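Worksheet: one structure, shown below.
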Amino acid sequence: MSLKFDCSRVRKTNLIVIFCTLLLVCFKFCLSYEERKGSCGNVVVQRGRNKPGFHRDLTTYVEWTVSGSSHSDLQDCQLLLVEYFPSGVYVDPDQIKNEEEFGGPEVLITEAINTEVMAHHSSPHKVFLFPKAVVNSRLGSIYVNISIPIHLRYHKAAKKEKFVPVSLSPPTILGKCNHGMDNFATWCAGEMIKAPCSARKSSRYCNWITLTQVNEENLLVFQVPVGQTEHTLLITILTVFSAIAGSSLLVWNSSLSSC
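Residues -32 to -1, 1 to 227 in mature numbering (1 follows the signal peptide of the UniProt record, and there is no 0) are what the sequence shown spells out, letter by letter.
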């Protein structure tokens, strides 16, 4: 009886172990499937800046790798970069449009941008960039490498501060493939949003997949020099003195010429 009892317990234990093993395998498989399903491919974003001072060049490299895609499939895909500029940074609409003639990305600006006002009087704005993508068949990816001119705004004077930081977040990266877009969105479980189809002002809106969101951790930070309020009295005295001296010199010269 004792032997039968022990064998019965062993069989029950083995069944429990097998059941738990199968449960873990199913859980791992389902988790792996959801991870694959939730991935719309690997996206790499690299940011940089060139030139010193208030007038800079903002460089952006984006590579989108889609597993199992052929060359013809990738040729049908497109990237859209949505840049969010804070009040301390702006793009000149006329200048950035001229850049298109020299290989720059096509640009759509849907908001009015005042290029003259200071930072505390301006508002953030959004810019849509439609770069021409290059297909890398060997890696199964498309990539873009663009540069656009940006400008830092003047800031009002501060107390005991020589510089103020202006942070620029990475762009939101959107992607679409003209054929099978709905199926692709379902497979990768990406968030589908509406965005302009092209840089034309009258462009209709298309379905795009959100490949990356704005990441506040990878910021580009610019240090903008500002005036100091402690120097207000000195600057006022020098300004008044310069105005009086200049006016006196003009009067003196006019009196000499009339003699």
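Every residue gets a Cβ at the ideal spot worked out from N, C-alpha and C, and that includes glycine.
Since this is a predicted model, take the numbers as computed values, not measurements.
query                                                                                                                                                                : result
Which residues mark the beginning and the end of the alpha helix (DSSP H) in which Asp62 is found?                                                                   : 61 to 66
Under the rule that 16 or more other beta-carbon atoms within 10 Å means buried, what is Val12, buried or exposed?                                                   : exposed
Buried or exposed for Glu129, going by 16 or more other Cβ atoms inside 10 Å?                                                                                        : exposed
What do you reckon, are the CB atoms on Ile116 and Glu68 nearer than 8 Å?                                                                                            : no
Could you say which of Leu187, Phe96, Leu26, Ile205 lies nearest to Lys162 if we only look at CA atoms?                                                              : Phe96
For Val(-8), does the three-state DSSP call read helix, strand or coil?                                                                                              : Because Val(-8) sits at a pLDDT of 48, beneath the cut-off of 50, its placement in the model cannot be relied upon, and the point is left open.
Among the residues of its own chain, which have a CB less than 7 Å from the CB of Ser91, if the five just before and after it don't count?                           : Ser55
Run through DSSP, which three-state label would Ile81 get?                                                                                                           : coil
Are Gln196 and Ala126 close, meaning C-beta to C-beta below 8 Å?                                                                                                     : yes
Let's test the definition: count the other Cβ atoms within 10 Å of the Cβ of Ser176 and tell me whether it reaches 16, buried, or not, exposed.                      : Note that residue 176 is Trp in the sequence shown here, rather than Ser. So Trp176 counts as buried.
If we count the other Cβ atoms within 10 Å of its Cβ and call it buried at 16 or more, is residue 249 buried or exposed?                                             : Residue 249 lies beyond the residue range present for the chain, which begins at -32 and ends at 227; the question has no answer from this structure.
Can you list, in chain order, the residues of its chain whose CB lies under 8 Å from that of Pro133, leaving out five sequence neighbours each side?                 : Val189, Phe190, Gln191, Val192
Alpha carbon to alpha carbon, what distance is there between Thr178 and Phe22?                                                                                       : 32 Å
Which of the three DSSP states, helix, strand or coil, is assigned to Ala126?                                                                                        : strand
What does the Cβ neighbour count give for His88, buried or exposed, with the cut at 16 atoms within 10 Å?                                                            : exposed
Count the C-beta pairs between the region 74 to 85 and the region 95 to 111 that are closer than 8 Å, then say yes if the count reaches three, no if not.            : yes
Among Thr27, Gly9, Val85, which residue has its Cα nearest to the Cα of Ile118?                                                                                      : Thr27
Are Asn146 and Asp62 closer than 8 Å when you measure CB to CB?                                                                                                      : no
Thinking C-beta only, is Thr180 closer than 8 Å to Gly108?                                                                                                           : no
In whole angstroms, what is the alpha-carbon distance linking Tyr29 and Asn18?                                                                                       : 14 Å
Return the Cβ separation of Pro138 and Asn186 in integer angstroms, given the expectation that the two are a contact with Cβ distance under 8 Å.                     : 5 Å
Go ahead and pull the three-state DSSP assignment for Lys5.                                                                                                          : Caution applies to Lys5, whose pLDDT of 41 falls short of 50 and renders its modelled position unreliable; the value that the coordinates give is listed next. Note: Lys5 maps to helix in three-state DSSP.
Just curious, the beta strand (DSSP E) that Met160 is in, first and last residue?                                                                                    : 160 to 164
With a threshold of 8 Å on Cβ separation, who are the neighbours of Asp60 within its own chain once the five nearest residues in sequence on each side are excluded? : Ile81, Thr83, Pro117, His119
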